[in-house]
Every structure is written in structure tokens, then in C-alpha cells.
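The next block holds one structure in the form of C-alpha cells; read it before the comments.
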Amino acid sequence: MATETIGVRVPARSAGHDLRAVKIVLHREMLRFVNDRTRMLSMLMQPVLWLFVMGTGLGSLVQGSIPGVDYRTFMYPGMISMTVIMTGMFSAGSIVWDREFGFLREMLVAPVSRGAIVVGKCLGGAIVATGQGVVILAMAGLVGVPYSPTLLLTLLAEMFLAAFTITAFGVMLAARMKNMQTFFGLMQMAIMPMMFLSGAMFPLANLPSWLHVLTVVNPMTYAVDPMRQAVFSHLDVPAHVNAVLNPGVTWFGRQVPVLLELGVVAALGAALLGVGIAQFRRAE
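Note that the sequence shown ends on residue 284 in full-length UniProt numbering; no numbers are left out.
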């Protein structure tokens with residue numbers, strides 16, 4: 001008796017399928033974050049403590065040297081950066097979680113390109129991190145930063161760019177990792193030096209040569225400085241105080257334009273996205 005064989009037809013990959021995959025992965029990342037209120041609060045706690053507790057304490061030490069400027073105002077752009085960076089990295093870490101529970105394997109066998117999955121992850125992480133940063137943005141008035149529409153829109157765009165780049169970095173790290181403990185250990189080892197050397201908590205002026213070099217080669221410096229430039233452009237501070245607190249990034253004694261700094265962040269984000277896609281194509 002002849003046995004009838006039933007064929008299985010896998011839909012051909014197309015740009016439409018890939019765009020739909022990006023949308024689905026992005027939507028899943030946002031739902032996961034919205035439904036995890038504990039995570040939302042924990043991601044906000046650290047920058048709020050740094051801004052209002054440490055910022056107030058450090059401000060009392062340097063109050064006489066920066067007349068007319070609250071030190072928390074100086075720290076504010078750095079705390080925005082810290083918020084989006086931490087949130088973006090945690091969003092990228094969900095890849096490891098998905099691998100441990102088998103969900104990632106189901107996504108990888110879907111008839112869509114793996115690049116679409118990576119793009120969806122990065123966009124989802126960037127949007128979630130930017131949304132978290134908006135909460136810090138709403139606290140601007142508490143630290144002497146004006147609620148200027150131009151300033152808020154500028155900071156919002158810069159937050160998204162920084163969030164996308166750091167999420168792409170996290171995805172690149174998480175693409176081949178097998179457990180969450182390894183990822184978070186490596187994340188802390190990478191993020192903490194980048195944050196401390198970005199000028200988020202101290203001015204970049206008059207640094208020792210070795211520390212200046214470390215800040216210049218640190219990619220996160222180019223995410224923090226444009227935010228600080230935007231904030232200080234809307235403040236009325238003495239020129240000598242602005243020169244100390246907001247000197248900008250210098251290459252060979254010349255200040256780097258803000259657009260070039262943002263270009264560095266965007267180029268790095270694109271490069272990390274490409275590496276992350278390549279890593280996923282080699283993943284199981």
C-alpha cells in the first residue's frame with residue numbers, strides 16, 4: 001500500500017516578513033518591560049540616588065568653586081546617560097534569558113533573517129531605555145534645568161541614539177552567552193569603567209594626561225558630552241564656570257563638534273549592530 005507523503009512548504013523570506021519580525025520582536029520587548037514594574041523601579045533607583053544623594057553631597061564640597069550652578073545640574077546629563085545605558089544593557093540581556101528557556105531557538109528557526117531579530121531587539125531596547133530616560137527628563141526642574149521644548153527634544157534624540165548603541169553592544173555580548181550570571185558579570189565589568197570615564201560625574205577639564213586619554217578613547221564620552229552641551233546651552237552661567245564644567249571633548253587641543261560626537265556614537269552603533277548580526281548568524 002503506497003504511503004502518501006505530505007510536503008511542508010516554508011514561506012520564502014522577504015523584506016515584508018523581516019519587517020514584520022522586527023515589529024513583533026520590538027513589541028515583545030516593550031510588553032515585557034511594561035509588565036515588569038519591579039524592573040522599572042530598580043532601573044530608576046540608581047541614577048536617582050546618584051543625582052539627588054551623591055550630587056547633593058558632592059555639591060556641598062565644590063559649592064564655592066562653581067558659583068551660580070548646582071552640582072546636580074552638572075550631573076544631570078550623566079544620570080540620563082546612566083539610566084538609558086543600564087536599561088539598554090538589561091534589555092539586551094533578555095537574549096540570554098530567551099536562550100536558557102528555549103524561546104530563542106524558536107525565533108532562530110523562523111523563516112526570517114536573523115538580522116531582523118537583532119534589529120528588533122536593538123530597537124526595542126532603545127525605545128524602552130529612552131522611555132525610562134524620559135522619567136529622569138521629567139525631573140529636570142528639580143535640578144535647575146529648564147523645561148525648554150528645544151532642549152527636551154534634543155535630549156530625547158540623543159538618548160535614543162545612545163540607547164540604541166549600548167543595546168547593540170549588549171546584544172553583541174549576549175549573542176553567544178549561555179547563562180545570565182556570565183552576562184551580568186561581563187556587563188558590570190564593561191559598563192562601570194565606561195560610565196566612570198565618560199565625564200558623567202566629574203568635569204573633563206584639567207584632567208591628568210593619562211585620565212584624559214582614557215576619557216577620549218571611551219565611546220560613552222561622546223554620548224554624555226552632547227547632552228551636557230545641550231543642557232548648558234540653556235543655562236545662564238558665568239563663562240569661567242562653563243569652561244570648567246562644560247569644556248567639551250578635545251582632540252589634540254581642539255574641541256570636537258557635537259555633530260561629530262553624535263556621528264561617532266551612530267557609527268559605533270551601526271558597527272556593533274553588524275557584529276551582533278554576524279554573531280547571531282553563527283549562533284545555534
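Glycine is no exception: its CB is placed at the ideal position from the N, C-alpha and C atoms.
Status (buried if at least 16 other CB within 10 Å, exposed otherwise) for residue i
i, result
"GLU158", "buried"
"MET89", "buried"
"PRO149", "exposed"
"VAL143", "buried"
"GLY55", "buried"
"PRO208", "exposed"
"GLY78", "buried"
Close Cβ partners of residue i (< 6 angstroms) along its chain, the five nearest in sequence each way excluded
i, result
"LEU26", "GLY120, LEU123, GLY124"
"LEU33", "The sequence shown places Phe at residue 33, not Leu. Closer than 6 angstroms at Cβ, skipping near neighbours: VAL128."
"GLY269", "PHE164, THR165, ALA168"
"GLY133", "ILE80, THR83, VAL84, MET159"
"MET187", "MET89"
"LEU197", "LEU214, THR215, ASN218"
"ASN272", "In the sequence on display, residue 272 carries Leu and not Asn. Closer than 6 angstroms at Cβ, skipping near neighbours: ALA168, PHE169, MET172."
"ARG28", "none"
Within-8 angstroms CB hit, residue i to chain B
i, result
"TRP210", "Protein chain content of the structure displayed is limited to a single chain, and chain B is not contained in it."
Contact set for residue i: own chain, Cβ-Cβ below 8 angstroms, skip 5 residues either direction
i, result
"PHE232", "ASN242, LEU245, ASN246"
"GLY59", "ASP70, TYR71, ARG72"
"ARG99", "ARG105, MET177, LYS178"
"ILE66", "PHE74, VAL241, VAL244, LEU245"
Residue of the options minimising C-alpha distance to residue i
i, options, result
"LEU211", "VAL224, PRO193, ASP225, MET227", "PRO193"
"THR250", "THR87, LEU44, ASN206, ASP18", "ASN206"
"VAL62", "ILE191, LEU44, PRO203", "PRO203"
"ALA162", "MET220, MET54, LEU273", "MET220"
"THR73", "ALA267, THR87, TRP50", "TRP50"
"PRO47", "ARG20, GLY274, LEU137", "LEU137"
"LEU104", "MET139, THR56, SER42, ASN179", "ASN179"
"MET195", "SER42, MET86, ASP36", "MET86"
"VAL275", "ARG176, MET54, GLY57", "ARG176"
"THR182", "PRO208, LEU260, TRP97", "TRP97"
"ALA140", "MET227, ARG37, VAL118", "MET227"
"ILE24", "LEU260, ALA267, MET107", "MET107"
8 angstroms Cβ cutoff met for residue i and residue j
i, j, result
"MET201", "MET75", "yes"
"GLY263", "ASP225", "no"
"ARG114", "PHE280", "yes"
"ALA92", "THR154", "no"
"PRO146", "HIS234", "yes"
"ALA174", "ILE95", "yes"
"ALA126", "VAL22", "no"
"GLY248", "VAL256", "yes"
"GLY152", "THR130", "Before going on, a small fix: residue 152 reads as Leu here, not Gly. Taking 8 angstroms as the Cβ cut-off, LEU152 and THR130 do not qualify as a contacting pair."
"ILE277", "VAL118", "yes"
Whole-angstrom C-beta distance between residue j and residue i, which should lie under 8 angstroms
i, j, result
"ALA223", "VAL265", "5 angstroms"
"VAL135", "HIS17", "Not confirmed; about 35 angstroms, so no contact."
The ligand ADP heavy atom lying under 7 angstroms from the CB of residue i
i, result
"THR73", "Questions concerning the ligand ADP fall outside what the structure shown contains, since it holds no ligand whatsoever."
Same chain, Cβ closer than 7 angstroms to residue i, neighbours up to 5 away in sequence not counted
i, result
"ARG254", "none"
"MET30", "GLY124, ILE127, VAL128"
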